[in-house]
Amino acid sequence: VKEVSDESSREKNIRHGHISTLHIWWARRPLASSRASIYAALTFEPKDEEERLKRAHFIANLSKWENSLNRNLIDRARDDILKANNGKKPRVLDPFAGGGAIPLEALRLGCEAYASDLNPVAVLIEKCTLEYPQRYGRKKVEGLYGEKEINPLLEDVKKWGGWVLEEAKKEIGKYYPEEEDGSIPVGYIWARTIKCSNPACGVEIPLVRQTWLAKKDKKKIAYKILPDGNRIEFEIKADEQIDFDPTIGTISRAKVICPRCGSGLSDKETRKQFQEGRAGQRMAVVVLHHPKRQGKIYRLAAEKDLEIFRDAEKHLEKKRQELFDKWGIDPVPDEPTPEGKGRGAERAFSVRNYGLNTWGDLFNSRQKLALITFAENVKQAYASMLKDGYEEEYAKVVVSYLGLFLSRFSSYHCVLVPWQPGYEKVQRAFSRQALGMTWDYTEVNPMSDNVGNWIGLFGDTLETLSHLSQIPQSPISKVTQSSATSLSYPDNFFDGVFTDPPYYDNVPYSYLSDFFYVWLKR
């Protein structure tokens, strides 16, 4: 148990090929403990102490991530399960399948895997994890030197994912222009703003938690907040030039101190300005990277950056109307965000307190433009596949990965994405099982080569799809959308039920997943 627990813990840091990189799902079970538990429960009890120790050693090895595609170990585990079940492949059900970890491990161990969930986002993740790689991920063809195995699904997802990016670049690449020296904008750091309540001051206060940009042993950069007449300005300082404490910002727990006059605003006053639509936002810093140099460069946002942003806003207005006419729904999600009523939801959603009342409010104008452009191109990719002669069902499978990827992409392209100075990169929304307010956020360039860009995130999807396609064929992997209280299977149909049911409203899955559902819907 200790060794399996250690493997389960270590798994949190594994990215390449792991299903956690296919899409966010909350409270996922580790693959290691899922695999070990299913194997142990479906095989004979050891006869004696010697056999028990051998079995324990085998289970510890079987649970390692490095052995998840080890044919010798997997085949032996499958044989052991068959022997214990009279040569019949056990039917295994997880009626709360969520991100699909438990049914995936049942499938890996040669069982007939049945998964269901009530949530449509979970069901799509499960289909892309369990069904599609098994059905379409491997094909034997005659090559020059005999028969060989190919992965047409992987190649098509790769091809059309690249196509979507290129089409988006043609339309919106101009809104993320290179600098004259060839540096590429990685992201733009924004601060929300409110007015100082002191009548003698009234300055627009940038709301920032702290002002570090880079905080490493050999590189320290921060921006200083400078009151200048009736306006707040910024100045970037590095290393020994830093003559202030960058950990002190202007806001903490929604309470604000004006850097010009020292007046304070209570959390209630702060929320009121947001709710009444009096809050604004301001671009503070542009983060750059030169392809031929190491590290990030920082400069203050200039008028030209705002002009480009305003041009993107104009493009958004026009495109939004065009797509509305074509799709029949607003391309920018206009569905309401959760009100935060109920024990779990209240903790998880503070965005409603700040006037962010629709899901579209969680994205700035250029982010909205980027996301609806990518969404449009995913839809067009499907139409192009059909035009090229793809079977309709297979084209749906390919576009499911593109849609799921765009959905995951949206968590890096919203106004809830903070800058991490210790790593000089962004942190996606959902660093915890909640959508909390972010005062200063980073707008990522989707075409750059930094965290959150299309190419990097898409590479994760391809690695996971490759891993899933290499799992030995299993007889059945079936995913359905249904409630666990009304399953459509007859009595005594299953040999085992392995599940991790939700714990009341500890994680408000339905509310959280609507962040993605509204984009998948489009």
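In terms of the working numbering, the sequence shown has 315 at position 333, counting the first letter as 1, and numbering is strictly consecutive.
Cβ coordinates follow ideal geometry from the N, Cα and C atoms, glycine included.
Remember, predicted model here, so these are calculated numbers, not experimental data.
- List the DSSP bridge partners of Gln402. Lys407
Rounded to whole angstroms, what is the Cα-Cα separation between Gly164 and Leu75? 55 Å
Going along the chain, which residues of its own chain have a beta-carbon closer than 8 Å to the beta-carbon of Asn67, five neighbours each way excluded? Leu24 and Asp477
Coil, strand or helix - Leu519 by DSSP:
Because residue 519 is not part of the residues shown, which for the chain are -17 to 504, the question remains open.
| said: Across the stretch 128 to 137 and the stretch 467 to 481, are there enough close Cβ pairs to call them in contact, namely three or more that are closer than 8 Å? | reply: Touching, no.
Inter-stretch contact (C-beta, 8 Å, three-pair minimum) for the stretch 164 to 174 and the stretch 416 to 423: yes
Worksheet item: Is Arg390 buried or exposed, if buried means 16 or more other CB atoms sit within 10 Å of its CB?
Response: buried
Practice item. Take the Cβ of Ala220 as the centre, count every other Cβ of all protein chains shown within 10 Å, and call the residue buried at 16 or more, exposed below. Key: exposed
* Among the residues of its own chain, which have a CB less than 7 Å from the CB of Arg37, if the five just before and after it don't count? -> Pro28
Task: Among Thr232, Pro181 and Gly385, the one whose alpha carbon lies nearest that of Thr193 - done: Thr232
Note to self: Looking at Val500: is its Cβ nearer than 9 Å to the Cβ of Trp341?
What the structure shows: yes
State the beta-bridge partners of Pro318 as determined by DSSP. Thr340
Just mark Arg334 as buried or exposed, buried being the case when its beta carbon has 16 or more other beta carbons within 10 Å. Buried.
*What residue ranges within the stretch 100 to 130 form continuous beta strand (DSSP E) runs of no fewer than 3 residues, ordered along the chain?*
121 to 125
* Asked: Is Gln255 helix, strand or coil by DSSP?
  -> helix
Q. Taking the alpha-carbon positions, what's the Ala104 to Gly81 distance?
A. About 6 Å.
Just curious, the alpha helix (DSSP H) that Ser179 is in, first and last residue? Neither: Ser179 is in no alpha helix (DSSP H) and is coded neither H nor E.
Unbroken alpha helix (DSSP H) run spanning Val146, endpoints
Pro134 to Ile154
Review point. Can you tell me whether DSSP reads Pro26 as helix, strand or coil?
Key: With the sequence shown as reference, residue 26 is identified as Phe, and Pro is not the correct amino acid for it. In this structure, Phe26 counts as coil in the three-state DSSP scheme.
Run of the beta strand (DSSP E) containing Val426, from where it starts to where it stops:
Asp422 to Val426
Residue burial classification, Thr229 (beta-carbon count within 10 angstroms, cutoff 16): exposed
Have a look at Arg34 and Leu64 and give me their C-alpha separation to the nearest angstrom.
19 Å
*Entirely within the stretch 417 to 471 and at least 3 residues each: give me those beta strand (DSSP E) ranges in chain order.*
422 to 426 and 459 to 463
Subject >> Limits of the unbroken beta strand (DSSP E) element including Tyr280 >> reply: Lys278 to Leu282
Checklist line | Residue from Leu502, Tyr486 and Phe480 with nearest C-alpha to Pro85 | finding: Phe480
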